[in-house]
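In terms of the numbering used here, the sequence shown has 55 at position 48, counting the first letter as 1, and numbering is strictly consecutive. Glycine included, every Cβ here is placed at the ideal spot set by N, Cα and C. For reference, the structure is listed below as structure tokens.
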Amino acid sequence: MSNVSPFIPAQGTSPPAFAARSTGALPVPLTPILGRANEIDQVVRLLDQDGLRLVALLGPGGVGKTRLAQEVARTIEHDFAHGVCFVPLAAIRDSALVPKAVVQSLGLQESSALPAAEVLVNVLAGQHLLLVLDNFEQVVEAAGSWLTRLIARCPRLKILVTSRIALNIDGEQRFVVPPLLVPEPGAVDLRQAAALDLFAQRARAIDLNFAIHERNETTVAEICRHLDGLPLAIELAAARVNVLSPDAILARLSHRLDLLTGGRRDAASRMGSMREAIGWSYDLLSHEQQALFCRHSVFVGSFSLEAAAFVAGFPDSPVEESGMLDAVHRLVDQSLVYMVSSETGPRFGMLETIREFGLAQLEGEGDEESAHRAHAEYFLALGSLADGSRKRERARWLDLMEAEHANVRAASSWLADHGRLADAIEYNVQILYYFHARGHRREARAQFEDWLRHPTLVPRSRTYAVALVMAAGYGITMGDFARSYSMIDEAVEIFRELDDYLGLILA
8 MSNVSPFIPA QGTSPPAFAA RSTGALPVPL TPILGRANEI DQVVRLLDQD
58 GLRLVALLGP GGVGKTRLAQ EVARTIEHDF AHGVCFVPLA AIRDSALVPK
108 AVVQSLGLQE SSALPAAEVL VNVLAGQHLL LVLDNFEQVV EAAGSWLTRL
158 IARCPRLKIL VTSRIALNID GEQRFVVPPL LVPEPGAVDL RQAAALDLFA
208 QRARAIDLNF AIHERNETTV AEICRHLDGL PLAIELAAAR VNVLSPDAIL
258 ARLSHRLDLL TGGRRDAASR MGSMREAIGW SYDLLSHEQQ ALFCRHSVFV
308 GSFSLEAAAF VAGFPDSPVE ESGMLDAVHR LVDQSLVYMV SSETGPRFGM
358 LETIREFGLA QLEGEGDEES AHRAHAEYFL ALGSLADGSR KRERARWLDL
408 MEAEHANVRA ASSWLADHGR LADAIEYNVQ ILYYFHARGH RREARAQFED
458 WLRHPTLVPR SRTYAVALVM AAGYGITMGD FARSYSMIDE AVEIFRELDD
508 YLGLILA
């Protein structure tokens, strides 16, 4: 075998050791990066560690992985004797082409003597180089093993990967890229938040006169919260300021995926809208994973493994909780679901923008009613555990209900809006101890009063009288005596008309 490398510099380029400085150069940023100083510092420190060779920046589409990788590489490129080589992989679907893409970015020409992957190892073996592989998710299954060999045989090489999917290979250090921080409701200094800075930056590129001020800052902050702090979503929303005010943008975010379109022409096609960005990840799932992801989009806030298994298997195919752990973790690895810290056991959640995509897919598949019904049935069953007699059981049930508060509210609303208002009212009667014990009396009262005005509630029915009693009971605990006693009198009158002695006892 010849000692001459089958990869030679392309005409007019530098030798291999220096080619990365020009041909795989980092893209020049057109705008400053905002709100990522902490993340840049953390990733730089990871890459600076001896023995740590591969860092994977993970997260959903639109969270800013590529821009973060570029900024990290730009920060430390002069620490590497042979610089940085940036390799965009978004257009590559065949993992066998990844080594060739790296070769091209290094400014080398291929010959037929050896496979690209093998000779690339020979070329990089002596180089002190940072290799940035951008958008690795669509080639991760097959190309991951190639990365392992590359790291093992190139001791001075470090690799920074961006991917929506975890690599799951030896030597991988994961770094989950978080959304931008958004101010909490009621925060005083809203304009210091990076998410608002990004909105303003993008809006001013459309309308030079746009500014965030005291009259619109609360609205812009609410927009950023609705968009989960996702940079791409914020940019797409801000691009609407030439035709919509911030108030009008916020009002349209109940259907955010319809609003978040019209990205820059120079953006990759998959990033032209939030629907395309999420759809890119969705298309990488197996059919079974897609179905699981969509059914779990009915959860609000977060969900437990037990609830996930029930909804996934309802009504005909029960799923074991142990099997569900692996299935949900695969969605975590795909950056479509994230883990939630909880004292009640493992819990998981979805960003609202991603959840809306899942709900739309669920509706398109005709599975929406079944998934929501499964969700409601699970929380009806959880409510029935309120009768646990032992103090420890009751305390654990209260903790579970608190963790599931958003889902309890969603299940109640779905029942009421789908012909099961009586079930919703009885359910909320059943869990009244939870509302009292955890300080949700005001919310519970408002819910019962809303149901008293529900168009499907039959006046002077037993269900109507029960709702009167519950609204009155919560009102009394809040000091609204006159109105509450009037409601109880009306309920007693109805129960007497119906000869409902249990109702009279309740009243």
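By DSSP's assignment, G356 forms a beta bridge with Y345.
DSSP, read as helix, strand or coil, puts T470 in helix. The three-state reading of DSSP puts D323 in coil, since its state is none of H, G, I, E or B. Along the length of the stretch 175-216, whole beta strand (DSSP E) runs at least 3 residues long occupy 179-183, reported in chain order.
When the five nearest sequence neighbours on each side are left out, the beta carbons in the same chain lying within less than 7 Å of the beta carbon of A132 are those of R160, C161, in order along the chain. Under the Cβ criterion (8 Å, minimum of three pairs), the stretch 214-226 counts as touching the stretch 241-256. Residue environment analysis places T360 among the buried positions, since at least 16 neighbouring C-beta atoms fall within 10 angstroms of its C-beta.
Membership of S329 in the alpha helix (DSSP H) is indicated by the continuous run 328-340.
In summary, E78 is buried, with 16 or more beta-carbon neighbours lying within 10 Å of its beta-carbon over all protein chains present. Within the stretch 256-313, no run of beta strand (DSSP E) reaches 3 residues while sitting entirely inside it. The beta carbon of L428 is closer than 8 Å to those of L422, W458, H461, T463, L464, T470 in its chain, skipping five residues each way along the sequence.
Per DSSP, S170 lies in no alpha helix (DSSP H); the unbroken beta strand (DSSP E) holding it starts and ends at 164-170. In this structure, M485 sits away from F455, with a CB-CB distance that is not shorter than 7 Å. Cβ-Cβ distances below 8 Å link G151 to L174, N175, I176 in the same chain, with the five nearest sequence neighbours on each side left out; the list follows chain order. In terms of CA proximity to A314, P353 leads the group P353, L292, M281, D340. Straight-line spacing of the CA atoms in Q56 and V50 works out to 10 Å. Per DSSP, the unbroken beta strand (DSSP E) holding C92 starts and ends at 91-95. DSSP places V62 in the strand class (E or B) of the three-state scheme.
Straight-line spacing of the CA atoms in S170 and Q145 works out to 8 Å. Counting only runs of at least 4 residues, the stretch 389-467 fully encloses the following alpha helix (DSSP H) elements, listed from N- to C-terminal order: 398-410, 412-424, 428-437, 439-444, 448-459.
Assigned with DSSP and collapsed to three states, L138 falls in strand. One thing to note: L205 has its Cβ within 7 Å of the Cβ of L41. In the same chain as I432, and ignoring 5 residues on each side of it, the C-beta atoms closer than 7 Å to its own belong to W458, T470, V473, A474, in chain order. Cβ neighbours of V227 within its own chain (closer than 6 Å, five residues either side excluded): L203, F206, I219, P253.
S493: member of the alpha helix (DSSP H) spanning 488-504, first to last residue.
One thing to note: F321 has its Cβ no nearer than 7 Å to the Cβ of A418. Contact between T73 and I47 does not hold, since the beta-carbon distance rounds to 14 Å and is not under 8 Å. Three or more Cβ pairs closer than 8 Å define a contact, and the stretch 103-123 falls short of that threshold against the stretch 278-287. Going by C-alpha positions, R362 is about 44 Å away from D496.
Annotation for V227: the continuous alpha helix (DSSP H) segment containing it runs 224-233. Contact check for L343 against F310 fails: the beta carbons are separated by 7 Å or more. About 5 Å separates the Cβ atoms of I172 and Q341, confirming a contact at the 8 Å cut-off. Taking a C-beta distance under 7 Å as the contact criterion, S288 and G68 qualify as a contact pair. In this structure K165 touches L54 by the C-beta definition: roughly 6 Å separates them, less than 8 Å.
The residue from F386, L234, E283 with its alpha-carbon nearest to that of R259 is L234.
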